[in-house]
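J.: The structure's right below; bear with me while I get my questions together.
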Amino acid sequence: YYHTSCNLHGNVVFLLCMCASESSNNLCHFIANLLHRCGWSLPIFSITKEIMQDESEQQHTPSLTTVRSDTSEEGIRSLRPLPDDSFSIINEVIISGVGSMPIIKDVTESIAWIATPGKFQTVCRTNDGVVPIMCNWISPAECGKELDSRFPGCMTGRVMYVIPFSLGVICGPFSKIGIELTDSNYTVLCMRIMTRVSPKVFEALGDGDFVRCIHSVGLPRPARRRVTRNWPCNTDLAFLVHRPAEREIWSFGSGFGSNSLLGRKSMALRVASAIARNEGWLAEHMAVFSVTDPRRREHFMTAAFPAACGKTSLAMLRPTLAGWKVRCIGDDIAWLRFGDDGRLYAINPEAGFFGIAPGLSKRTNPVAMAMLRKNCIFTNVAETANGEFFWQGLENEIKDKTVGMLNWEGRKWHIGDDGRAAHHNARYAAPASQCQLMHYKWDSPKGVPIDAILFGARRPRGVPLVYETFSWSHGVFTAACLKSEVCFEGGTKKEIFHDPMAMRNYLSYNFGEYLQHWLGLEKSGRKLPKIFHVNWFRQGDDGELLWPGHGENIRVLEWIMRRIEGDQQCGRETAIGVVPFEGHLQLDGLDQVRFDDLMSVPPEYWREDADEVRCFLEEQLGQDMPIGIREQMERQEKRIGTL
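In case it helps, the working numbering puts the sequence shown at residues 171 to 813.
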């Protein structure tokens, strides 16, 4: 393995979840063997007196607490209970300033690099000057230089935590094991919510393979630089790289989100997508949920949406139609494999929710709000003087609208003041077991059989509320063309960005090979799900949304279920797919909804879109465009040309 001589200088090792009966000598032997297998040589011969064992079940059960920073260099000082009607919170973190120009750092994901021997293993063979949007390639030699300039000695004076975790239920046939080394206690707490951390992971691992994850905040002690607001990080040197063939992930400099929780996007999507390609399955950025009608007929679906397009809200839907129910399996990542019966089965590899807080409320997602009553970690939200949390979207739900609070930057703030209460990427981490709408099969080792795959995004113009694609290959083409409106500069600037399959930045191999892998899943004897496209965000000429969304989305899911069950009379063909006939989408009680505006396929809009899509695919895929994608593109162009 690379870096067999990398010396991190972690002076204390805290081995999570080892059995209390293990002796220190046995622990040292185990750690030495583990790190040898990881390919890391560490000075651990002197740790026998310093090792700490997890002897208390209490450490496995997150408590209702707030984490405070002390006034020393940095660190967590104390854990104290909050009022019974309040919430746990981590605040006053992740802000950095440079001169008089505030620079917000360590709050978004770093550029994720993929290191492979051949460039075109990672990116497509495109024309010179084309910047690939799906993967960022780095050569092994350059990767080695970047790591060598950062990691030696990076944990000096800090506690190094060893986190054994399983994605998927421990010992499950579809599950994968990872081991993360980190010097961040925040990472430890979040990983224990988001993954399955247990002594049983070691038993399941045996001599088997696992994904090697190493993370450091990049700030050895004594600190040579000022630690801003007690949040240790080194974002000037932030670096995140994946070596899929070696099953390694290295992250330096950041302590936030998926930059440090390496079991999430880095392992569960980037590394897993490469493993999935080799083993014949899929690792996707998808929610998984079930829909049950009043006659108790249940269908399982997945939904692939870009960020902030409603995956979590859909997976936790509270239907407005009587007798219908939705149950959640997962809201962010799905691993999909074919079963012996030829059907595609999905599991949720995670054990928690790591969601965006701003915009969340009892109106937009009451299920998620109820889930946040205990055992949660909040990052970069505001805390009120009476111990409650606050973020944008809760203005009408907070008890005392005049209460003073500390915003995410630690400044005194009131509703109506300038600036934000919470950072726009403020997060919560909550155990999945606390969601009252979790399906009883949410952690089934086998997974659940998928009948429909939904792709969707924010499209303010031209795109119907829902349509079914004509075939599996047409569905893959439609997903490859996925685009979504993204807000910049505080929401004052909006642009449409391509996000193919909702996997932009989450893929670790050639985009063309990825699309071909999807196309290649269509084989004799397999029962493939139907593929649909949804758009909750279409606007009228006045800029107002045409569809109420939220719980009313069950009406769209009802139509999708009818298509799954073979109802050919409820839809009509258009140039882009099958849309509902008027009268076949249940709109009782929605008198304000204008059906024709919701379902129209404007010819001029789609002709322009077809030209833009061709330009995008030819530019991004280059010589690696699959024949099946080109054929579907040309067929759709021909259909649009007849409008």
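Every residue, glycine too, gets a C-beta built ideally from N, C-alpha and C.
With the cut-off set at 8 Å, would you say W717 and V763 are in Cβ contact?
T.: Indexing the sequence shown from 1 puts residue 717 at position 547. Indexing the sequence shown from 1 puts residue 763 at position 593. It is a contact, given that the beta carbons lie within the stated cut-off.
J.: In whole angstroms, what separates the C-alpha of R362 from that of P390?
T.: Within the sequence shown, numbered from 1, the residue matching residue 362 stands at position 192. Within the sequence shown, numbered from 1, the residue matching residue 390 stands at position 220. Between the alpha carbons of R362 and P390 lies a distance of about 24 Å.
J.: In chain order, which alpha helix (DSSP H) runs of at least 4 residues are fully inside the stretch 358-385?
T.: 370-375
J.: Let's see if you can read the secondary structure: which residues bound the alpha helix (DSSP H) around E789?
T.: Here the question's residue 789 lines up with position 619 in the sequence shown. E789 -> alpha helix (DSSP H) spans 773-791.
J.: What is the DSSP secondary structure of L768, counted as helix, strand or coil?
T.: In the sequence shown, residue 768 corresponds to position 598, counting from 1. The answer is helix: DSSP assigns L768 an H, G or I state.
J.: State yes or no: is the C-beta of P402 within less than 8 Å of the C-beta of G522?
T.: Against the sequence shown, residue 402 aligns to sequence position 232. Against the sequence shown, residue 522 aligns to sequence position 352. No, these two residues do not count as a Cβ contact at 8 Å.
J.: To the nearest angstrom, report how far apart W776 and L755 are at their CA atoms.
T.: Within the sequence shown, residue 776 is the residue found at index 606, counting from 1. Within the sequence shown, residue 755 is the residue found at index 585, counting from 1. About 23 Å.
J.: Just the C-alpha distance for E789 and K289, rounded to the nearest angstrom, thanks.
T.: The count along the sequence shown starts at 1 and reaches residue 789 at position 619. The count along the sequence shown starts at 1 and reaches residue 289 at position 119. When rounded, the distance between both Cα atoms is 17 Å.
J.: May I have the straight-line CA-CA distance separating D379 from I347, to the nearest angstrom?
T.: Taking the sequence shown and counting its residues from 1, one reaches residue 379 at position 209. Taking the sequence shown and counting its residues from 1, one reaches residue 347 at position 177. Distance between the alpha carbons of D379 and I347: 8 Å.
J.: In the DSSP output, what is W307 paired with across the bridge?
T.: Taking the sequence shown and counting its residues from 1, the one referred to as residue 307 is at position 137. DSSP lists I284 as partners of W307.
J.: Only counting runs of 3 or more residues, tell me where the beta strand (DSSP E) segments fall wholly within the stretch 310-340, in order along the chain.
T.: 329-337
J.: Using CA coordinates, which residue listed in K700, T292, P302, I797 is at the minimum distance from R513?
T.: Residue numbering aside, residue 513 sits at position 343 when the sequence shown is read from its first letter. When each option's Cα is compared against that of R513, the closest is K700.
J.: Which two residues bound the contiguous beta strand (DSSP E) that contains S443?
T.: As a working note, residue 443 is residue 273 in the sequence shown. No beta strand (DSSP E) holds S443; the alpha helix (DSSP H) holding it covers 442-449.
J.: Across the stretch 501-521 and the stretch 446-457, are there enough close Cβ pairs to call them in contact, namely three or more that are closer than 8 Å?
T.: yes
J.: Do you know how far the Cα of M803 is from the Cα of D786?
T.: If you number the sequence shown from 1, residue 786 lands on position 616. If you number the sequence shown from 1, residue 803 lands on position 633. In the sequence as displayed, the identity of residue 786 is Phe instead of Asp. Distance between the alpha carbons of F786 and M803 is about 11 Å.
J.: Rank P302, S443, H584, I547 by C-alpha distance to the C-alpha of P414 and give the top, closest one.
T.: Here residue 414 corresponds to residue number 244 of the sequence shown, with the count starting at 1. Residue S443 is the option with its Cα nearest to P414.
J.: Spatial neighbours of M575 within its chain, please: C-beta separation below 8 Å, excluding the five flanking residues on both sides.
T.: Against the sequence shown, residue 575 aligns to sequence position 405. Excluding sequence neighbours, M575 sits near A552, E553, T554, A555, F560, K582, W583, H584, A591.
J.: Answer yes or no: do A477 and C498 have a C-beta to C-beta separation smaller than 8 Å?
T.: By one-based count along the sequence shown, residue 477 stands at place 307. By one-based count along the sequence shown, residue 498 stands at place 328. Result no, Cβ atoms of A477 and C498 do not sit closer than 8 Å.
J.: In three-state terms, what does DSSP make of R434?
T.: For this step, residue 434 is matched to residue 264 along the sequence shown. In this structure, R434 counts as helix in the three-state DSSP scheme.
J.: In terms of residue numbering, what span does the alpha helix (DSSP H) encompassing S421 cover?
T.: Counted from its first residue, the sequence shown places residue 421 at position 251. Membership of S421 in any alpha helix (DSSP H) is not indicated; the residue belongs instead to the beta strand (DSSP E) covering 418-422.
J.: At the level of alpha carbons, what is the spacing between W420 and N306?
T.: Taking the sequence shown and counting its residues from 1, one reaches residue 420 at position 250. Taking the sequence shown and counting its residues from 1, one reaches residue 306 at position 136. Distance between the alpha carbons of W420 and N306: 15 Å.
J.: To the nearest angstrom, how far is it from the Cα of D318 to the Cα of L698?
T.: Along the sequence shown, read from residue 1 onward, the residue named residue 318 stands at position 148. Along the sequence shown, read from residue 1 onward, the residue named residue 698 stands at position 528. Cα-Cα distance, rounded: 46 Å.
J.: Residues in the same chain with beta-carbon distance under 8 Å from A596, minus the five sequence neighbours each way, listed in chain order, please.
T.: As a position in the sequence shown, residue 596 is number 426, starting the count at 1. Taken in chain order, the residues that qualify are I526, A527, P528, F548, T549, N550, V551, W561, W578.
J.: Using alpha carbons as the reference points, say which of P619, S614, Y637, G736 lies closest to F625.
T.: Residue 625 sits at position 455 when you count from the first residue of the sequence shown. The shortest C-alpha separation from F625 is found at Y637.
J.: Counting Cβ pairs, one atom from each stretch, are 3 or more of them under 8 Å apart for the stretch 334-353 and the stretch 369-386?
T.: yes
J.: With respect to the alpha helix (DSSP H) encompassing R725, which residues constitute its N-terminal and C-terminal limits?
T.: In the sequence shown, the residue the question calls residue 725 occupies position 555. That run of the alpha helix (DSSP H) goes 724-734.
J.: Skipping 5 residues on each side, what residues in its chain have a beta carbon closer than 6 Å to that of K808?
T.: Within the sequence shown, residue 808 is the residue found at index 638, counting from 1. Result list for K808: empty, nothing under 6 Å.
J.: Looking at P310 and F372, is the spacing between their C-beta atoms short of 8 Å?
T.: Residue mapping note: residue 372 aligns to position 202 of the sequence shown, counting from 1. Residue mapping note: residue 310 aligns to position 140 of the sequence shown, counting from 1. No; because the gap between Cβ atoms is not below 8 Å, this pair is not in contact.
J.: Could you give the residue range of the alpha helix (DSSP H) that holds M486?
T.: One-based indexing of the sequence shown puts residue 486 at position 316. Note, M486: premise wrong, no alpha helix (DSSP H); not H, not E.
J.: Could you say which of G338, P369, V332 lies nearest to Q358 if we only look at CA atoms?
T.: Within the sequence shown, residue 358 is the residue found at index 188, counting from 1. Contrary to the premise, residue 358 reads as Val rather than Gln in this sequence. When only C-alpha atoms are compared, the closest one is V332.
J.: So, is Q806 buried or exposed, given that buried needs 16 or more other C-beta atoms within 10 angstroms?
T.: For the purposes of this step, residue 806 is taken as the residue at position 636 of the sequence shown. With 16 or more other Cβ atoms from the protein chains shown falling within 10 Å of its own Cβ, Q806 counts as buried.
J.: In terms of residue numbering, what span does the alpha helix (DSSP H) encompassing F681 cover?
T.: By 1-based counting over the sequence shown, the position of residue 681 is 511. From DSSP, the alpha helix (DSSP H) with F681 extends over 681-689.
J.: Using a Cβ-Cβ cutoff of less than 7 Å, which residues in the same chain neighbour L815 once the five nearest sequence positions on both sides are dropped?
T.: Absent from the structure is residue 815, since the part of the chain shown begins at 171 and ends at 813.
J.: Excluding the 5 residues flanking S436 on each side, which residues of the same chain have their C-beta closer than 8 Å to its C-beta?
T.: Here residue 436 refers to the residue found at position 266 when the sequence shown is read from its first residue. Cβ neighbours of S436 within its own chain (closer than 8 Å, five residues either side excluded): A282, C383, L410, H412, I419, S421, S428.
J.: Leaving out the 5 sequence neighbours to the left and right, which residues in its chain are closer than 7 Å to H594 when beta-carbon positions are compared?
T.: Residue numbering aside, residue 594 sits at position 424 when the sequence shown is read from its first letter. Here the set comprises P528.
J.: Just the Cα atoms here: how many angstroms apart are N535 and E567?
T.: On the sequence shown, residue 535 is found 365 positions in, with the first residue counted as 1. On the sequence shown, residue 567 is found 397 positions in, with the first residue counted as 1. Rounded to the nearest angstrom, the two C-alpha atoms are 13 Å apart.
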